[in-house]
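K.L.:
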Amino acid sequence: MHLEPDNNACSNAKGRGAYVSGLIKINQGFDFYIYVGEKGKLNGTTFNGNSQQNEIAGGGATDIRLIKKVNWYDFDSLKSRIMVAAGAGSGERICGGDGGKLEGLSNELIQYFQLNRTTGGTQTSGGIYGCDLYHHKCASSGRFGIGGSGNTEADNGSSGGGGYYGGGGASMAGSASGGSSFISGYQGCNAISENSTENHIYHSGTPFHYSGKYFVDATMIDGQHEMPTTDLKSIEVGHEGNGYAIITCIVSNAICSCQINIYLMKYFLISNYFIILS
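Taken in order, the sequence shown gives residues 1 to 278; the numbers are from full-length UniProt numbering.
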């Protein structure tokens, strides 16, 4: 499988989403659900990115889940994710941080009125929010599966990108950070524990999801490096636009079926389980 999330937009350039891929062995049939991230936008929320209204919403992640819920931000559904490609944070005047691998990326530049730089999501925590010096206001940190909201009381606060953990939001104009990616079985990942609740999250200290499902030959690429395009025929540096997913069955006697009922799907392919997300 391979996944790619969506990107965000800013004045002169765009924050870019990450890319993940891997092989998963299926011994018996089971259902999984692909949530494809929406690209960043003005005045709204982004699917699989930000759950609260934002002036400049960051990009949503693209992921594979074992539990489907009506709301993408339902905790039990987020907890069931076995593969996540991070989205980029949004930005005003300066670009948001790109979607990352194990940690989301941040823009090293900050506005003169900003007290601190936002940070990207990690394997165990959301990215840190930004504050401003003029109005003494702060944005919100990223959370498990959700980008931090920007503070819009004084200006267009930028929001963090979606991911395994979301990036931190910015106060006033400035740069929010990208989310982190996750692949069950990938070295360096830290899987959530099954007994976690929305208010008490624990991690196993291993890369393996509690479901026992994991990927091999996995790849992570952050939004600052080369990755395959949606048609797999060329290369792009980071992914821009809505996310996409490609699923390929690679065992000759496998039976593959798909019922598509997906919100904001830009690209979906089942050919014959190699999975790509971006």
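In this text, a Cβ means the ideal position worked out from N, Cα and C, and glycines have one as well.
Can you tell which of G15, V36, S204 and L66 has its C-alpha closest to the C-alpha of G29?
P.N.:
As a position in the sequence shown, residue 29 is number 29, starting the count at 1. Closest in C-alpha terms to G29, from the list G15, V36, S204 and L66, comes L66.
K.L.:
At 4 residues or longer, and completely inside the segment 6 to 93: list those alpha helix (DSSP H) runs for me, N to C.
P.N.:
Considered as a whole, the segment 6 to 93 harbours 75 to 79 as its complete alpha helix (DSSP H) runs of no fewer than 4 residues, in chain order.
K.L.:
With a threshold of 8 Å, are at least 3 pairs of Cβ atoms found where one atom belongs to the segment 175 to 187 and the other to the segment 212 to 232?
P.N.:
Contact between the segment 175 to 187 and the segment 212 to 232 is present, because at least three Cβ pairs lie under 8 Å.
K.L.:
Distance check for E240 and S80, CA to CA, integer angstroms please.
P.N.:
Counting from one through the sequence shown, the residue named residue 80 turns up at place 80. Counting from one through the sequence shown, the residue named residue 240 turns up at place 240. Spanning the two alpha carbons is a distance of roughly 26 Å.
K.L.:
Which of helix, strand or coil does DSSP assign to T230?
P.N.:
For the purposes of this step, residue 230 is taken as the residue at position 230 of the sequence shown. Coil.
K.L.:
State the Cα-Cα distance for the pair A191 and H136, rounded to the nearest angstrom.
P.N.:
Against the sequence shown, residue 191 aligns to sequence position 191. Against the sequence shown, residue 136 aligns to sequence position 136. Cα-Cα distance, rounded: 36 Å.
K.L.:
Would you check if there are 3 or more beta carbon pairs closer than 8 Å linking the segment 121 to 134 to the segment 29 to 45?
P.N.:
Segments in contact, no.
K.L.:
For G58, which option in P228, G148, L102 and G22 has the closest C-alpha, if you only look at C-alpha atoms?
P.N.:
On the sequence shown, position 58 is the one that residue 58 refers to. The shortest C-alpha separation from G58 is found at G148.
K.L.:
Under DSSP, the beta strand (DSSP E) around residue 330 begins and ends at which residues?
P.N.:
In the structure displayed, the chain extends from 1 to 278; residue 330 sits before or after that span and is not available.
K.L.:
What did DSSP end up calling N156 once you bin it into helix, strand or coil?
P.N.:
The count along the sequence shown starts at 1 and reaches residue 156 at position 156. Coil, per DSSP.
K.L.:
Alpha carbon to alpha carbon, how far is R143 from K25?
P.N.:
For this step, residue 143 is matched to residue 143 along the sequence shown. For this step, residue 25 is matched to residue 25 along the sequence shown. When rounded, the distance between both Cα atoms is 30 Å.
K.L.:
Relative to the alpha-carbon of F75, which residue among G145, G169 and G91 has its alpha-carbon at the smallest distance?
P.N.:
Your numbering for residue 75 matches position 75 in the sequence shown. When each option's Cα is compared against that of F75, the closest is G145.
K.L.:
Please classify D231 as buried or exposed, where buried requires at least 16 neighbouring CB atoms within 10 angstroms.
P.N.:
Working through the sequence shown from its first residue, we reach residue 231 at position 231. The residue in question, D231, is exposed, as its Cβ has fewer than 16 Cβ neighbours within 10 Å.
K.L.:
For a quick check, are the C-beta atoms of G188 and A61 less than 9 Å apart?
P.N.:
As a first step, residue 188 is located in the sequence shown; it is residue number 188 there, counting from the start. As a first step, residue 61 is located in the sequence shown; it is residue number 61 there, counting from the start. Result no, Cβ atoms of G188 and A61 do not sit closer than 9 Å.
K.L.:
In the structure shown, what three-state DSSP assignment does M172 receive?
P.N.:
Here residue 172 refers to the residue found at position 172 when the sequence shown is read from its first residue. Looking at M172 - three-state DSSP - the assignment turns out to be coil, as it is neither helix nor strand.
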